[in-house]
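Encoded as structure tokens, the structure appears first; notes follow it.
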Ligand SMILES: CC(C)(COP(=O)(O)OP(=O)(O)OC[C@H]1O[C@@H](n2cnc3c(N)ncnc32)[C@H](O)[C@@H]1OP(=O)(O)O)[C@@H](O)C(=O)NCCC(=O)NCCS
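Residue numbers (this note's numbering): 36 to 183.
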């Protein structure tokens, strides 16, 4: 079977996407309790919610927000027990490929400080692209960009 990158549309896919975000990404920063399954940003038509599936198991998720010709990668997470096994890099490649096919040439991310090394391995570079996003929970994030 192998890898599949698909958009999360079914109730089961969306539930697993939220679980991964809440229990891995938000819990890591002590913020699981404030995770909101009904955040309006998830309902925007140009915000593409992806799941990475390996041999039928949902092991990762990320959202690609298409905004004025660029794409912002958000809420990137690989299941805890599956990290550091190359799956994040595969997901990044598959999402990058999807963006490329949509004609996107600029990808942006607010990287968690401890994920900067991951993005650098995937060809991203540090670049301040909108300092106004570095507030609240994102205040310690590192802005990075990748050009396709
Ligand atoms: C960050 C994350 C998505 C990376 O996915 P992953 O599957 O663990 O990463 P991979 O195994 O594909 O790693 C790819 C490369 O990046 C490196 N890498 C991975 N995580 C890293 C990190 N935190 N710091 C430095 N390098 C890292 C790996 O060593 C690997 O390098 P190699 O090709 O030389 O072997 C994942 O660890 C995760 O979900 N972390 C918790 C949530 C998070 O921080 N998300 C990012 C929010 S911006």
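All C-beta atoms, glycine included, are put in the ideal place defined by N, C-alpha and C.
Model, not experiment: these values are computed from the prediction.
> Around the C-beta of residue 44, are 16 or more other C-beta atoms found within 10 angstroms, so that it is buried, or is it exposed?
Replying inline: exposed
>> If contacts are defined as beta-carbon pairs under 8 Å, then residue 59 and residue 114 qualify, I think. What distance do you get, rounded to the angstrom?
In response: 6 Å
>> Does the contact criterion of 3 or more C-beta pairs under 8 Å hold for the segment 122-139 versus the segment 78-91?
In response: Result yes; three or more Cβ-Cβ pairs closer than 8 Å.
>> So, with DSSP's three-state summary, where would you put residue 94?
In response: strand
>> Going by DSSP in three states, residue 82 sits in which element: helix, strand or coil?
In response: strand
>> Residues in the same chain with beta-carbon distance under 7 Å from residue 177, minus the five sequence neighbours each way, listed in chain order, please.
In response: Counting only Cβ-Cβ distances below 7 Å, and skipping sequence neighbours, we find 146, 148, 151, 161.
> Under the three-state reduction of DSSP, which class applies to residue 170: helix, strand or coil?
Replying inline: Of the three classes helix, strand and coil, the one that applies to residue 170 here is coil, per DSSP.
>> On the criterion of 16 or more Cβ atoms from any shown chain inside 10 Å, does residue 51 qualify as buried, or is it exposed?
In response: Residue environment for residue 51: buried (at least 16 other C-beta atoms within 10 angstroms of its C-beta).
> residue 36 lies in the alpha helix (DSSP H); which residues open and close that run?
Replying inline: Premise fails: residue 36 is in no alpha helix (DSSP H) and is neither H nor E.
> What is the DSSP secondary structure of residue 145, reduced to helix, strand or coil?
Replying inline: Assigned with DSSP and collapsed to three states, residue 145 falls in strand.
>> For residue 139 and residue 183, which I take to be in contact (beta-carbon distance under 8 Å), what is that distance rounded to the nearest angstrom?
In response: Their Cβ separation, rounded to whole angstroms, is 7 Å, which keeps residue 139 and residue 183 in contact under 8 Å.
> Which runs of the beta strand (DSSP E), 3 residues or longer, sit entirely within the segment 100-132?
Replying inline: 105-113
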